[in-house]
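Numbering (the numbering used here), first residue to last: 260 to 349.
Every residue, glycine too, gets a C-beta built ideally from N, C-alpha and C.
One structure below.
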């Protein structure tokens, strides 16, 4: 069953290719949705897929790309939406 989740990632996650790496990981996992930088220095992700796909993404978000230093990943349910693929939003 498909579900949508919103993640807010905190730490050193801007300027380290976190959005691009998240996009690549989400596409590899078969998720749809988007990722963008937040004004507070964090990164926001909305992803839709199966529970297993979302769990895999959440685990990856805690690690991120090699130069990231993730301090927190908050997860909340998001409204069910149909996204075409996965994209970086600016």
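Per DSSP, the continuous beta strand (DSSP E) segment holding residue 306 begins and ends at 302-308. A distance below 7 Å separates the beta carbons of residue 307 and residue 263. The alpha carbon of residue 291 has as its nearest neighbour, out of 343, 272 and 274, the alpha carbon of 343. With respect to the 7 Å criterion, residue 269 and residue 331 are classified as neighbours on the basis of their beta carbons. Residue 346 is bridged by DSSP to 293. Bridge pairing for residue 280: absent [DSSP].
By the neighbour-count criterion, in which 16 or more other beta carbons inside 10 Å mark a residue as buried, residue 302 falls on the buried side.
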